[in-house]
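Each residue of the sequence shown is one higher than the one before, starting from 2 at the first, in the working numbering. Below: one structure, written as structure tokens.
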Amino acid sequence: MSPVRASVSSSAAATSTSTIFRGNRLTVDSPQPLLDVRGVTLQYKTKDHLITATYRVDFQVFRSERFVVLGPSGCGKSTLLKAVGGYLQPVEGQIRLKDEVIRRPGPDRMMVFQEFDQLLPWRTVKENVLFALNSSGRLTGRTAEEKTRECIAKVNLTKFADSYPHTLSGGMKQRVAIARGMAMEPDILLMDEPFASLDALTRRKMQDELLTLWEGTRFTVLFVTHSIPEAVKVGSRILLLSPHPGQVKAELNGLPPGTDGEARGAFEQRIHAMLFADAVEEEGGHHHG
2 MSPVRASVSS SAAATSTSTI FRGNRLTVDS PQPLLDVRGV TLQYKTKDHL
52 ITATYRVDFQ VFRSERFVVL GPSGCGKSTL LKAVGGYLQP VEGQIRLKDE
102 VIRRPGPDRM MVFQEFDQLL PWRTVKENVL FALNSSGRLT GRTAEEKTRE
152 CIAKVNLTKF ADSYPHTLSG GMKQRVAIAR GMAMEPDILL MDEPFASLDA
202 LTRRKMQDEL LTLWEGTRFT VLFVTHSIPE AVKVGSRILL LSPHPGQVKA
252 ELNGLPPGTD GEARGAFEQR IHAMLFADAV EEEGGHHHG
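Here it is as structure tokens:
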């Protein structure tokens with residue numbers, strides 16, 4: 002029997018694992034989804050096994066949304082992002098961008114990973130951003146250089162344009178990666194736990210900077226994380242995935258800007274209860290058994 006889908010606000014709480022809650026999307030002026038993920042099952046091979054990463058996952062992302070996929074480690078969220086990037090094909094279902102099936106990587110989707118080695122170490126900040134533009138053929142010559150300067154300025158790295166990656170902090174390297182992605186003007190920016198390797202203070206700062214960037218350009222972002230506070234802070238909508246294999250448990254509206262700490266904490270607790278209700282029930286069952 003198919004799960005019931007209900008729309009709830011972020012202030013409503015429910016922990017039923019048999020119900021998928023669908024929040025109202027933020028961009029009501031855009032009736033067609035930019036990204037449409039329909040019934041996607043993903044698998045990958047290890048040396049000895051065939052692993053099912055996600056099972057019949059579906060969601061839609063609309064233009065200018067900050068859509069967050071949240072789930073525990075091993076739930077297939079990073080694998081899902083790779084499939085949206087075109088690096089992995091579903092064994093079931095379809096992924097469409099602007100109503101076209103995604104079959105391969107393309108400049109309409111740019112990825113930002115958590116690893117700091119995604120930059121070319123022998124190129125400066127400016128050269129790393131410029132190289133992406135020149136390689137794709139999107140922009141060349143003076144136009145590409147102007148775009149590079151503009152994007153480096155947006156992430157507050159103008160003073161470091163001629164610096165090499167090894168001289169930059171982790172947060173600064175991630176800013177370069179974001180600038181490179183934005184320079185390509187993709188339809189959607191794919192962010193795979195981009196701040197997970199940073200210390201807590203830098204991580205919060207980078208979250209703030211990402212939101213400031215979004216306010217200025219309203220780019221579309223698909224953001225993956227296992228951190229509930231990060232999902233609540235970054236997301237305008239949040240998709241909850243179950244533990245392995247990842248299945249949709251809920252989809253919620255994010256909190257409005259300026260929500261006080263108490264309401265934010267309560268919302269985070271509700272999300273935690275929804276994500277881990279099965280584990281709690283199972284643990285309770287063992288105690289009674």
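Even glycine gets a Cβ: it sits at the ideal position worked out from N, Cα and C.
So for V29, helix, strand or coil by DSSP?
Residue placement at V29 is poorly supported in this model, since its pLDDT is 44, which falls under 50; the coordinates still yield a value, given next. In this structure, V29 counts as coil in the three-state DSSP scheme.
Can you tell me where the alpha helix (DSSP H) holding K78 begins and where it ends?
Segment K78 to G86, the alpha helix (DSSP H) holding K78.
Indicate the three-state DSSP secondary structure (helix, strand or coil) for A54 in the structure shown.
In this structure, A54 counts as strand in the three-state DSSP scheme.
Rounded to the nearest angstrom, how far is the Cβ of L303 from that of K250, given a contact under 8 Å?
The chain is shown only over 2 to 290; residue 303 falls outside these bounds and no answer can be derived.
What are the boundary residues of the beta strand (DSSP E) that includes R181?
R181 -> not in any beta strand (DSSP E); alpha helix (DSSP H) instead, spanning G171 to A184.
Apart from the five residues on each side of it in sequence, which residues of its chain come closer than 7 Å, Cβ to Cβ, to R181?
Within the same chain, R181 has close Cβ partners N129, V130 and A133.
From what residue to what residue does the alpha helix (DSSP H) around K127 run?
V126 to S137 is the span of the alpha helix (DSSP H), which, as asked, contains K127.
What number of angstroms, rounded off, separates the C-alpha of D188 from the C-alpha of G86?
Taking the straight line joining both Cα atoms gives about 12 Å.
For the beta strand (DSSP E) containing K48, name the first residue and the last one.
Counting along the chain, K48 falls outside any beta strand (DSSP E), and DSSP gives it neither H nor E.
Could you check the C-alpha separation between Y56 and F114 for me, to the nearest Å?
Straight-line Cα distance between these residues: approximately 23 Å.
Which whole-angstrom value describes the C-beta separation of G247 and A84, a residue pair presumed to lie in contact below a C-beta threshold of 8 Å?
In fact, because the Cβ distance is near 12 Å, the residues do not count as touching under 8 Å.
Report the residue from D49, F63 and L43 whose alpha carbon sits nearest the alpha carbon of R219.
When each option's Cα is compared against that of R219, the closest is F63.
Just how far apart, CA to CA, sit F161 and R176?
Rounded to the nearest angstrom, the two C-alpha atoms are 11 Å apart.
Quick one: using the 10 Å Cβ neighbour count with 16 as the cut-off for buried, is A201 buried or exposed?
Exposed.
Just grab the DSSP bridge partners of T141 for me.
T141 is not bridged to any residue.
Starting from F60, follow its DSSP beta bridges and name the residues at the other end.
Per DSSP, V38.
If I measure Cβ to Cβ from L120 and keep anything under 7 Å in the same chain, skipping five residues before and after, which residues do I get?
Result list for L120: N129, P166, K174, V177 and A178, in chain order.
Check for me: the alpha helix (DSSP H) holding T218 runs from which residue to which?
A201 to T218 is the span of the alpha helix (DSSP H), which, as asked, contains T218.
Start and end of the alpha helix (DSSP H) containing V1?
As displayed, the chain neither begins before 2 nor continues past 290, which places residue 1 out of reach and without an answer.
With a cut-off of 8 Å, do at least 3 Cβ pairs link the region 36-48 to the region 204-216?
Counting Cβ pairs under 8 Å, fewer than three are found: no touch.
If you follow the beta strand (DSSP E) that K250 is in, where does it begin and where does it stop?
V249 to N254 is the span of the beta strand (DSSP E), which, as asked, contains K250.
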